[in-house]
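Chemist: This is the structure, below, for whatever I ask next.
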Amino acid sequence: MSTDSLAGLTMPAGPAKRPFLEVKDLTVRFNTDDGVVKAVSGSSFAVERGKTLGIVGESGSGKSVTSLAVLGLHRTRSNATVAGEIWLDDKELVTASDEEVRKLRGGKMAMIFQDPLSAMHPYYTVGAQIVEAYRVHHKVSKKEARVRAIDMLARVGIPQPEKRFNEYGHQFSGGMRQRAMIAMALVNDPKLLIADEPTTALDVTVQAQILDLIRDLQEEFGSAVIMITHDLGVVAELADDVLVMYGGKVIERGPAADVFHEPQHPYTWGLLGSMPRLDRELRERLTPVKGSPPSLINLPSGCAFHPRCPYAGRNGDRSFTESPELRGGVHAVACHLPAEDRQKIYEQEVAPNL
Amino acid sequence: MLSYLIRRIVNAVITLLVVTMVTFGIFFAVPTITGSDPALLYIGKTADPASLEGIRTKLGLDDPIPVQYGKFLKGLVAGRDYANGADVTHCDAPCLGYSFKTEQEVTPLLISDIPVTLSLAIGAAILWVLFGVATGVLSALKRGTFLDRAAMTGALAGVSLPIYFTGQLALLIFIHELGWLPDAAYTPFLEDPAGWFTGLILPWVTLAFLFAATYARLTRANMLETLGEDYIRTARSKGLPERTVIGKHGLRAVLTPLVTVFGLDFGTLLAGAILTEQVFNLRGLGYQALTAIRQNDLPVILGVTLIAAIFIVVINLIVDLLYSVIDPRVRLG
Chain A
1 MSTDSLAGLT MPAGPAKRPF LEVKDLTVRF NTDDGVVKAV SGSSFAVERG
51 KTLGIVGESG SGKSVTSLAV LGLHRTRSNA TVAGEIWLDD KELVTASDEE
101 VRKLRGGKMA MIFQDPLSAM HPYYTVGAQI VEAYRVHHKV SKKEARVRAI
151 DMLARVGIPQ PEKRFNEYGH QFSGGMRQRA MIAMALVNDP KLLIADEPTT
201 ALDVTVQAQI LDLIRDLQEE FGSAVIMITH DLGVVAELAD DVLVMYGGKV
251 IERGPAADVF HEPQHPYTWG LLGSMPRLDR ELRERLTPVK GSPPSLINLP
301 SGCAFHPRCP YAGRNGDRSF TESPELRGGV HAVACHLPAE DRQKIYEQEV
351 APNL
Chain B
1 MLSYLIRRIV NAVITLLVVT MVTFGIFFAV PTITGSDPAL LYIGKTADPA
51 SLEGIRTKLG LDDPIPVQYG KFLKGLVAGR DYANGADVTH CDAPCLGYSF
101 KTEQEVTPLL ISDIPVTLSL AIGAAILWVL FGVATGVLSA LKRGTFLDRA
151 AMTGALAGVS LPIYFTGQLA LLIFIHELGW LPDAAYTPFL EDPAGWFTGL
201 ILPWVTLAFL FAATYARLTR ANMLETLGED YIRTARSKGL PERTVIGKHG
251 LRAVLTPLVT VFGLDFGTLL AGAILTEQVF NLRGLGYQAL TAIRQNDLPV
301 ILGVTLIAAI FIVVINLIVD LLYSVIDPRV RLG
């Protein structure tokens, strides 16, 4: 396998057809007074219709920046530069005009945001905001749009939708607000839905309902879904494929089952080790990943994870000087440890503690 | 809602009562205590003791201060009679007494001043809101560019330069040098709308420049903050054109806090733009106030103060009520 082939990740078919969404070598930089923030560096992935890609990583690992780049939302920030390729349904978006991307935004691709209270306009009713979203992409009367909006509110499980239509975001409970947000994102039947930590601000019981809802709606609409989260439980629940990001880079990528059962990267081991599990024997304490996330302005030399990696330095200076590339086929990893060593360490040291 | 309104109105009345009490106290009681005589102010220093005594009786100046205040309040609500034996002068409600200088009733005097002040305040307010907000929005959108810096430098100048400088400068340039406008003067709108307009345009612009500067800075800061809000990102993610994102979602959030500031500024101006009216020779409430203060004309000062307080209290009430309409998160109660 070549260093960074996407073939086989979600697309076993021939090379002629592009995946529904294909992101290649995406790089996002922000110029700030403190220096250049390398928010995302050379990340590549793909999602097919009807499939779900989970992106996991700590805060500041580049998950949200990646998804905002797909939607073209960095275009309004004068200090952002986006490079690489984003193909959505055979159309390249990085080089497309602002107007072309705007027309896709909210229509063919839509996004659910993390905190629905701040993501909704405080001075407009929930109904008005959904109607607005529908009417940008459909030439219909306000009345028709209202019918559609009420229908969507009912579809996402909001009781008394006609009444709630006229209420404001702050009058909704957290779970209902997130449902309304989902209704707003889905009102135009998007083919690509990006959910940025959709359950972070919610109660556990409500979390499960919201995830079920997203899954049901995905089946109904056949959309491709990107689920951004730092909650591995959510990924295990929903994702077909998983992308693990660290310091703005993809460090492990593969089918969800593989990544969970045979995680390859020491960082992924750390993530799994820090996840509380009820189906295992109770241990004294969880094992967190030591240290803190790297500064995206001053990324560590070599492998960005090396300051926190217990196995750094096993093969000379490579961890400190050379940035590892994402290698492997369906299940790819960016790590300097030889595959056999990783296998051995995982089986002997890591797996027993998970 | 209704109980809120009633409570607010009762509060407003109490506030006004306190204002009259304090002003009355300062203007009428203090001279009595310090030994200077209001009756002397009224009649002039060369008066003979007999007529001085007459005036004192007629104006009730020899009553105890609380009684004087009571009579003043009665005059406000029911009118009052000034009597010295057979010499009776009736003053209709709301009676603010008689000017010490011109011996005219204060109430009609002040009422005749209101259209001037109102014209000045409303015209200037329209100008400053339009230009201030537009400049602020543009500055925020073009942040860091030459346009932004130029606008903010202009705004800084607007905030720092006093009216008596900018006003005199405007008079000098547009009236005396260029001769584009006739001498600034107030013509009633109903008599001559064009004259009303040309007479007021310079005071409007001068006054608006001062306030527009503040509003531009406020709008710019609010807009920059709002543009970083999540709901603006949501609006963009829906595929709304940028002008809708800014003009609808952004501006709606920016203007809401401006309503409070505007209410206060406008209320203050209605009570008389003393400097502007002085510079442009407009006989409004501010002009009246200054003249009265110069001449120690206590009843007029008291009247102007009361009217100013009424404007500010009423505008504040309106702003609070309006706020519950424009910000759905605010509940009255």
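Chains as they are written, first to last, in UniProt numbering: chain A, 1 to 354; chain B, 1 to 333. Yeah, the Cβ is synthetic: ideal placement off N, Cα and C, and Gly gets one too.
1. Just the C-alpha distance for A7/A and E85/A, rounded to the nearest angstrom, thanks.
2. Run through the DSSP bridge pairs and tell me what V88/B is partnered with.
3. In the DSSP assignment, find the alpha helix (DSSP H) that holds F211/B and state where it starts and stops.
4. Would a check of beta-carbon distances place P307/A closer than 8 Å to chain B?
5. Closest Cβ-Cβ distance between L26/A and chain B: below 8 Å?
6. Give me the residue from L232/A, H261/A and P190/A with the minimum Cα distance to S223/A.
7. Distance check for P300/A and L206/A, CA to CA, integer angstroms please.
8. Find out if the Cβ-Cβ distance for the pair V136/A, A180/A is shorter than 8 Å.
9. If we ignore side chains and look at the alpha-carbon of each, how far apart do Y186/B and I312/B end up?
10. Residue 334/B: buried (16+ other C-beta within 10 angstroms of its C-beta) or exposed?
11. For G263/B, would you say it is in contact with chain A, using Cβ-to-Cβ distances shorter than 8 Å as the test?
12. With a threshold of 8 Å between beta carbons, is K142/A in contact with chain B?
13. Just to confirm before moving on: does the CB-CB distance between A119/A and Y231/B stay below 8 Å?
14. Is L207/B closer than 8 Å to T291/B when the C-beta atoms are compared?
15. On the DSSP bridge assignment, give the partners of S43/A in chain order.
16. Is any non-hydrogen atom of the ligand HEM found closer than 7 Å to the C-beta of A149/A, if you look at the structure I gave you?
17. Please determine, among M176/A, I194/A, I228/A and I226/A, the residue with the shortest C-alpha to C-alpha distance to Q209/A.
18. Who are the near neighbours of R148/A in its chain, counting only those whose CB is closer than 7 Å to its CB and skipping five residues on each side?
19. Check whether the Cβ atoms of E130/A and A183/A lie closer than 8 Å to each other.
20. Indicate the three-state DSSP secondary structure (helix, strand or coil) for T132/A in the structure shown.
21. Determine the contact status of A212/B and W128/B, defining contact as a CB-CB distance below 8 Å.
22. Closer than 7 Å by C-beta to M1/A: which residues in its own chain qualify, once you throw out the five before and the five after it? Chain order, please.
23. Closer than 7 Å by beta-carbon distance: list the chain B residues that pair up with A257/A, in chain order.
24. Three-state secondary structure (DSSP) at M21/B?
25. Quick one: which chain B residues come within Cβ less than 8 Å of T76/A?
26. Give the secondary structure of R253/A by DSSP, where H, G and I count as helix, E and B as strand, and everything else as coil.
27. Quick check: what's the CA-CA separation for I112/A versus L73/A?
28. Under a Cβ-count criterion, where at least 16 other Cβ atoms within 10 Å of its own Cβ denotes burial, should T3/A be classed as buried or exposed?
29. Does the stretch 288-308 of chain A come into contact with the stretch 317-325 of chain A, if we say contact requires no fewer than three beta-carbon pairs (one atom in each stretch) closer than 8 Å?
30. Do S67/A and I226/A have their C-beta atoms closer together than 8 Å?
31. When you compare each of G54/B, L282/B and E177/B to I201/B by their alpha carbons, which one comes out closest?
32. Look up W180/B in the DSSP assignment and say whether it is helix, strand or coil.
33. Residues in the stretch 213-230 of chain B with C-beta within 8 Å of chain A's C-beta atoms, listed in sequence order?
34. Roughly how many angstroms separate the alpha carbons of R18/A and D90/A, rounded to a whole number?
35. Which whole-angstrom value describes the C-beta separation of H230/A and E58/A, a residue pair presumed to lie in contact below a C-beta threshold of 8 Å?
Modeler: By the coordinates alone:
1. Residue placement at A7/A cannot be trusted, given a pLDDT of 45 that sits under 50; what the coordinates show is reported in the next sentence. Rounded to the nearest angstrom, the two C-alpha atoms are 16 Å apart.
2. A83/B
3. P193 to L227
4. no
5. no
6. P190/A
7. Here residue 206/A turns out to be Val, not Leu, going by the sequence shown. Those two C-alpha atoms are separated by around 39 Å.
8. no
9. 24 Å
10. The requested residue 334/B does not occur in the structure, where chain B is confined to residues 1 to 333.
11. no
12. no
13. yes
14. no
15. L26/A
16. By its list of ligands, the structure shown contains no ligand whatsoever, and the ligand HEM lies outside what it can speak to.
17. M176/A
18. Y134 and V187
19. As written in the sequence, residue 130/A is Ile, which differs from the Glu given in the question. Yes. Within cutoff.
20. Position check: residue 132/A holds Glu in this sequence, whereas Thr was assumed. Looking at E132/A - three-state DSSP - the assignment turns out to be helix.
21. yes
22. With a pLDDT of 39 at M1/A, under the threshold of 50, the modelled position of this residue cannot be trusted; read the value that follows with caution. Excluding positions up to five away in sequence, the list reads G328 and G329.
23. The contacting residues do not exist; A257/A stays about 32 Å from chain B at best.
24. helix
25. R236 and E242
26. strand
27. 14 Å
28. Interpretation of T3/A is limited by its pLDDT of 44, a score under 50 that renders its predicted location unreliable; no figure is taken from the coordinates.
29. yes
30. yes
31. L282/B
32. coil
33. E229 and D230
34. 7 Å
35. 6 Å
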